[in-house]
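Peer 1: So the protein sequences, as listed, match chains D and G.
In this text, residue positions in the first sequence follow the numbering used here: the first is 260, and each later residue adds one.
In this text, residue positions in the second sequence follow the numbering used here: the first is 105, and each later residue adds one.
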Amino acid sequence: MVLNCRHVWDYISGYLDNTLDTQTRADVEKHLEHCEICSAVLDSTRNVLILTADDRVFELPLGYSERLHSRLTEAMLEIPPPEEEESS
Amino acid sequence: MIAEVLAGRTEVFHDLIRPHERSVYLMALSLLRNEAEAEDAAQETFIKAYRNLGRFRSESRFSTWLIAIVLNEARGRLRRKQPGLTDSIDDTEGPVTPAQLTDWREIPSDSLERNEVRTLIRSAVDTLPLPYREVFVLRELEERNIQETAETLGITVASVKMRLHRARLMLQKQLAPQLIAATPKSRRRFPWF
Numbered sequence: 260m261v262l263n264c265r266h267v268w269d270y271i272s273g274y275l276d277n278t279l280d281t282q283t284r285a286d287v288e289k290h291l292e293h294c295e296i297c298s299a300v301l302d303s304t305r306n307v308l309i310l311t312a313d314d315r316v317f318e319l320p321l322g323y324s325e326r327l328h329s330r331l332t333e334a335m336l337e338i339p340p341p342e343e344e345e346s347s
Numbered sequence: 105m106i107a108e109v110l111a112g113r114t115e116v117f118h119d120l121i122r123p124h125e126r127s128v129y130l131m132a133l134s135l136l137r138n139e140a141e142a143e144d145a146a147q148e149t150f151i152k153a154y155r156n157l158g159r160f161r162s163e164s165r166f167s168t169w170l171i172a173i174v175l176n177e178a179r180g181r182l183r184r185k186q187p188g189l190t191d192s193i194d195d196t197e198g199p200v201t202p203a204q205l206t207d208w209r210e211i212p213s214d215s216l217e218r219n220e221v222r223t224l225i226r227s228a229v230d231t232l233p234l235p236y237r238e239v240f241v242l243r244e245l246e247e248r249n250i251q252e253t254a255e256t257l258g259i260t261v262a263s264v265k266m267r268l269h270r271a272r273l274m275l276q277k278q279l280a281p282q283l284i285a286a287t288p289k290s291r292r293r294f295p296w297f
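1) Is there a C-beta anywhere in chain G that falls below 8 Å from the one on D/Asp302?
2) With 8 Å as the limit, tell me which residues of the stretch 269–283 of chain G have their beta carbon closer than that to any beta carbon of chain D; keep them in chain order.
3) Pairs of beta-carbons, one from the stretch 267–286 of chain G and one from the stretch 205–215 of chain G, closer than 8 Å: are there three or more?
4) Helix, strand or coil: how does DSSP classify D/Cys297 here?
5) Go to D/Val267, then tell me how far its alpha helix (DSSP H) extends in each direction, as first and last residue.
6) Distance check for D/Cys264 and G/Glu247, CA to CA, integer angstroms please.
7) G/Gln147 CB to nearest chain D CB: under 8 Å?
8) Using a Cβ-Cβ distance under 8 Å, would D/Tyr323 count as near chain G?
9) When you compare each of G/Leu175, G/Thr168, G/Asp144, G/Glu238 to D/Arg330 by their alpha carbons, which one comes out closest?
10) Inspect the beta-carbon positions of G/Glu139 and D/Pro320 and report whether they are closer than 8 Å.
11) Look at the alpha carbon of G/Ser167 and the alpha carbon of G/Thr201, and state the distance between them as a whole number of angstroms.
12) To which residues of the same chain is G/Ile225 closer than 7 Å at the C-beta, ignoring the five residues directly before and after it?
13) Give the secondary structure of G/Leu135 by DSSP, where H, G and I count as helix, E and B as strand, and everything else as coil.
14) Pop quiz: G/Gln148 and G/Glu177 are said to be a contact at Cβ under 8 Å. What is the actual Cβ separation, rounded to whole angstroms?
15) Quick one, which residues of the stretch 242–263 of chain G are near chain D if we go by CB-CB under 7 Å, in chain order?
16) Looking only at its chain, what residues have a beta carbon closer than 7 Å to the beta carbon of D/Ser298, apart from the 5 residues adjacent to it on each side?
17) Do you know whose CA, among G/Leu133, G/Asp214, G/Tyr154, lies nearest D/Thr332's CA?
18) Let me see if you follow: with CB-CB separation under 8 Å, is D/Leu279 close to chain G or not?
19) Since I believe D/Glu344 is in contact with G/Gly158 (beta carbons under 8 Å), could you give me their beta-carbon distance rounded to a whole number of angstroms?
20) Please list the partners that D/Ala334 has in chain G, where partner means a Cβ-to-Cβ separation under 8 Å.
21) Could you tell me whether any Cβ in chain D is nearer than 8 Å to the Cβ of G/Tyr129?
22) Are the stretch 280–289 of chain D and the stretch 250–261 of chain G touching, with three or more C-beta to C-beta distances below 8 Å?
23) Examine chain D for any beta-carbon lying closer than 8 Å to the beta-carbon of G/Gln186, and answer yes or no.
24) When we look at the beta-carbon of G/Lys265 and count the other beta-carbons within 10 Å, is it buried (16 or more) or exposed?
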């Protein structure tokens with residue numbers, strides 16, 4: 260099937276996750292071979308996702324872990340020790 | 105380790121949660137969009153997890169259980185701030201049109217050394233509508249599979265796929281032009297000028 264650009268955009272996510280069926284994937288690839296815009300949409304989406312998932316983007320606040328464990332230590336003194344509960 | 109805590113060695117709980125500190129904070133931050141509040145929500149999450157550890161069932165992953173707790177905690181805080189807030193969305197909305205660029209060039213991960221670039225990306229994620237943001241963070245940042253994401257959020261697999269697709273294209277639409285503009289084409293410098 261010959262796909263137009265809008266069809267291809269609908270398949271971008273499936274293409275990146277490799278969840279398209281063989282025929283659709285082949286149709287998308289055929290379109291990408293000659294469409295500069297869709298190739299750029301695909302490459303830029305992939306690139307944006309790689310950058311977004313990088314640990315440097317969302318960093319933990321300085322001292323987060325120390326504060327967490329110290330609050331936890333305080334709370335654990337007040338809470339009765341947990342015990343396994345029977346599943347109902 | 106869970107069995108050890110339940111058997112009375114409560115101090116082991118600290119080691120049990122260490123690998124999950126980041127993911128719980130990240131989930132809280134992505135919903136609440138405020139560092140101090142996210143940190144508080146993360147602390148509350150681990151305290152709740154400790155208190156309810158006896159109810160944890162080993163058939164689910166501990167990390168998934170923690171994510172469900174932090175999600176509840178953060179959603180509860182959001183609802184208290186915005187009582188009308190809804191976590192539902194119409195999954196039949198029209199398609200998102202991506203940014204159509206012909207001059208796209210790869211943005212290297214080195215560019216993340218720059219605060220400006222990191223801020224652009226964080227802001228773009230923050231502007232995603234909440235139901236898209238939840239799916240996006242679980243799939244892309246927390247690296248949960250589609251099934252786990254659907255179960256954690258209580259939505260269908262088809263909804264996860266649709267929301268993820270839209271979230272990705274929304275980010276591409278906003279970020280691709282901004283990143284191109286913020287990243288110099290050539291790194292060459294002429295110090296003698």
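Backbone N, C-alpha and C fix where the C-beta goes; we use that ideal spot for every residue, glycine too.
Peer 2: Quick answer:
1) Working through the first sequence from its first residue, we reach residue 302 of chain D at position 43. For D/Asp302, the answer is yes, since a Cβ of chain G falls inside 8 Å of its Cβ.
2) His269, Arg272, Leu273, Leu275, Gln276, Leu279, Ala280, Leu283
3) yes
4) Working through the first sequence from its first residue, we reach residue 297 of chain D at position 38. In this structure, D/Cys297 counts as helix in the three-state DSSP scheme.
5) Along the first sequence, one-based indexing puts residue 267 of chain D at 8. Looking at the DSSP string, the run of the alpha helix (DSSP H) that includes D/Val267 is 264–276.
6) Residue mapping note: residue 247 of chain G aligns to position 143 of the second sequence, counting from 1. Residue mapping note: residue 264 of chain D aligns to position 5 of the first sequence, counting from 1. Roughly 29 Å separates the two Cα atoms.
7) Walking along the second sequence from the start, residue 147 of chain G turns up at place 43. Closer than 8 Å to some Cβ of chain D, the Cβ of G/Gln147 qualifies, so yes.
8) As a position in the first sequence, residue 323 of chain D is number 64, starting the count at 1. Taking Cβ atoms only, chain G reaches closer than 8 Å to D/Tyr323, which makes this a yes.
9) On the first sequence, residue 330 of chain D is found 71 positions in, with the first residue counted as 1. Considering only alpha carbons, the answer is G/Asp144.
10) For the purposes of this step, residue 139 of chain G is taken as residue 35 along the second sequence, with counting starting at 1. For the purposes of this step, residue 320 of chain D is taken as residue 61 along the first sequence, with counting starting at 1. Yes, these two residues count as a Cβ contact at 8 Å.
11) In the second sequence, residue 167 of chain G corresponds to position 63, counting from 1. In the second sequence, residue 201 of chain G corresponds to position 97, counting from 1. Taking the straight line from one Cα to the other gives about 35 Å.
12) The sequence position of residue 225 of chain G within the second sequence is 121, counting from 1. Only Leu279 meet the Cβ criterion.
13) Locating residue 135 of chain G in the second sequence gives position 31, counting from the first residue. It is helical.
14) Start at 1 with the first residue of the second sequence, and residue 148 of chain G comes out as number 44. Start at 1 with the first residue of the second sequence, and residue 177 of chain G comes out as number 73. As written in the sequence, residue 148 of chain G is Glu, which differs from the Gln given in the question. Confirmed, Cβ separation roughly 5 Å.
15) Glu244, Leu245
16) Locating residue 298 of chain D in the first sequence gives position 39, where the first residue counts as 1. Once the five neighbours on either side are set aside, the close Cβ partners of D/Ser298 are Leu291.
17) By one-based count along the first sequence, residue 332 of chain D stands at place 73. The shortest Cα separation from D/Thr332 among G/Leu133, G/Asp214, G/Tyr154 belongs to G/Tyr154.
18) Taking the first sequence and counting its residues from 1, the one referred to as residue 279 of chain D is at position 20. No, its Cβ sits nowhere closer than 8 Å to a Cβ of chain G.
19) Taking the second sequence and counting its residues from 1, the one referred to as residue 158 of chain G is at position 54. Taking the first sequence and counting its residues from 1, the one referred to as residue 344 of chain D is at position 85. About 4 Å; that satisfies the 8 Å criterion.
20) Reading the first sequence from its first residue, position 75 is the one you call residue 334 of chain D. Neighbours of D/Ala334 on chain G, chain order: Ile151, Tyr154.
21) As a position in the second sequence, residue 129 of chain G is number 25, starting the count at 1. Chain D contact via Cβ: present.
22) no
23) In the second sequence, residue 186 of chain G corresponds to position 82, counting from 1. For G/Gln186, the answer is no, since every Cβ of chain D falls outside 8 Å of its Cβ.
24) Here residue 265 of chain G refers to the residue found at position 161 when the second sequence is read from its first residue. With 16 or more other Cβ atoms within 10 Å, it is buried.
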